[in-house]
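Trainee:
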Amino acid sequence: MKISELLRTETINADLKAKWKNEALAEMVDAMIKIQNGLDREEVIRVLLEREKLGSTGIGDGVAIPHGKLKGLKDLFISFGRSRSGVEFDSMDGKPVNLIFLLIAPEESVGVHLKTLARISKLLKNASVRQRLAGASDKQEIFDIILEEEEKL
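Residue numbers (my numbering): 730 to 882.
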């Protein structure tokens, strides 16, 4: 499954205001909820924070991929956030994150969930992709970059 098939421009926040992990997660969940009726904001945030307790999803190089599984969910949902100033995310490299992909999957999904996480990780391993996303002017440009770069994977 392609990232671009799951991500919508409405769930892209090109200017996260959050300075801390919990605030960033809440901001990104709020963007997701606007188009995904029926998601329980507090439950989604709780699931994400529970996963963070196992170890930070801040993978380094200014990137975080918070994710979690929700009971009763039918589809996989993704949102993307960019912070120009950086978010304290307890990253593995100790540095703030600027690019965040948030993934919420059905509780029983395994394969699609892991494949999507791997695809996001592979996309963001490329330093030039990270630079392009960090420098994009707006959410449409961010989406276009993801679409373009994903074709190269």
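For glycine and all other residues, C-beta sits at the position ideal for the given N, C-alpha and C.
(1) E739 and I774: beta carbons closer than 7 Å?
(2) Would E877 pass as an interface residue toward chain D - the criterion being a Cβ-Cβ separation below 7 Å?
(3) By how many angstroms is the C-alpha of S866 removed from the C-alpha of L843?
(4) Would you mind reading off the limits of the alpha helix (DSSP H) that contains I794?
(5) Going straight from the alpha carbon of G791 to that of R737, what length do you get?
(6) Among the candidates G840, S785, E752, K731, whose CA atom is the shortest distance from the CA of G823?
(7) Are the beta-carbon atoms belonging to S808 and L831 less than 7 Å from one another?
(8) Nearest to S820 by CA position, among I788, M757, E771, is which residue?
(9) Among the residues of its own chain, which have a CB less than 6 Å from the CB of S812, if the five just before and after it don't count?
(10) Can you list, in chain order, the residues of its chain whose CB lies under 6 Å from that of N855, leaving out five sequence neighbours each side?
(11) When the distance is taken between beta carbons, is L802 closer than 7 Å to L777?
(12) Less than 6 Å between C-beta atoms, sequence neighbours within five positions excluded: which residues of the same chain meet that for P835?
(13) Rounded to whole angstroms, what is the Cα-Cα separation between P825 and G810?
(14) Give the DSSP-derived three-state secondary structure of V881 in the structure shown.
(15) What are the boundary residues of the alpha helix (DSSP H) that includes G864?
Mentor: Concretely, from the data shown:
(1) no
(2) Among the protein chains of the structure shown there is no chain D, as only one such chain exists.
(3) Rounded to whole angstroms, the gap between the alpha carbons of L843 and S866 is 30 Å.
(4) I794: not part of any alpha helix (DSSP H); DSSP gives it neither H nor E.
(5) 22 Å
(6) When each option's Cα is compared against that of G823, the closest is S785.
(7) yes
(8) I788
(9) Taken in chain order, the residues that qualify are L745, N827.
(10) none
(11) no
(12) Correct list, in chain order: L802.
(13) 13 Å
(14) According to the sequence as given, residue 881 is Lys; it is not Val. Three-state DSSP puts K881 in coil, outside helix and strand.
(15) 856 to 864
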